[in-house]
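To start, the structure itself, in structure tokens.
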Amino acid sequence: MDRAALDRLLDGPDDGAPGVPEALAGLLAALRAGPRPAEVRGEGAAVLAYQAALVGALRTLPTGRRALLGW
50 MDRAALDRLL DGPDDGAPGV PEALAGLLAA LRAGPRPAEV RGEGAAVLAY QAALVGALRT
110 LPTGRRALLG W
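So the mapping is simple: the numbering used here equals the position in the sequence shown, first residue as 1, plus 49.
Right, here's the structure in full:
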């Protein structure tokens, strides 16, 4: 596989790179695809939980250190 074939694989559909192993082409196609709804379900709740944990952790820091972080 030459550099041009690798660039085609990374840039777009796998039909432009003959001789590329099917498993590699399939993996790269999956990586290029956007997330499916089930994969991001609950993302908002996870972000809120992370933010709450961060705020809780920052509250345990001494006041001077919180000031450095803008809290």
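Every residue gets a Cβ at the ideal spot worked out from N, C-alpha and C, and that includes glycine. Every value quoted in this text rests on a predicted model; they were computed, and no experiment measured them.
- For residue 86, the enclosing alpha helix (DSSP H) covers residues 86 to 89.
- Taking 8 angstroms as the upper bound for CB-CB distance, residue 59 and residue 74 are not in contact here, some 11 angstroms apart.
- Residue 83 carries a coil assignment under DSSP once its states are collapsed to helix, strand and coil.
- In terms of Cβ geometry, residue 69 and residue 54 form a close pair [threshold 8 angstroms].
- Bounds of any alpha helix (DSSP H) do not take in residue 69, whose DSSP letter is neither H nor E.
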